[in-house]
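Only one structure is covered here, and it is reproduced in the block below.
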Amino acid sequence: PPLFSMQGKKENTLRIIDATNGQMPEDRESLFWVNVKAIPAMDKAKTGENYLQFAIVSRIKLLYRPQGLVIPPEQAPGKLEFTREN
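Heads up, the sequence shown is in UniProt numbering, so the first residue is 1 and it goes up one at a time.
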């Protein structure tokens, strides 16, 4: 679900589903971002008082690597090429 409740000091698993209908490129890796926001619970005893609360956002890189790639992941950085166009 897009929003779920957690008790303190507990953990949960996020399931990431491929929504591209098999349209991922098979000749290269793909980069995605997973954004997770932690919204703290409100203390009902402090209703009406002024206090500061933070919502923490975690942004995590998600790399998809197709099974058919020939180059091992350890050698991939050496094969990178960068170009600059004006």
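C-beta: ideal position from N, C-alpha, C; glycine also.
Every unbroken stretch of the beta strand (DSSP E) spanning 3 or more residues and falling wholly within the UniProt domain "Pili assembly chaperone N-terminal" (1 to 69) is given here in chain order: 30 to 38, 56 to 64. Apart from the 5 residues on each side of it in sequence, PRO40 sits with its Cβ closer than 6 Å to the Cβ of GLN53 in its chain, given in chain order. In this structure, the beta-carbon distance from GLU29 to LEU63 falls below 8 Å. With contacts defined by Cβ atoms closer than 8 Å, ALA55 and LYS37 form a contacting pair.
Straight through space, the alpha carbons of ASP27 and GLU74 are spaced by roughly 17 Å.
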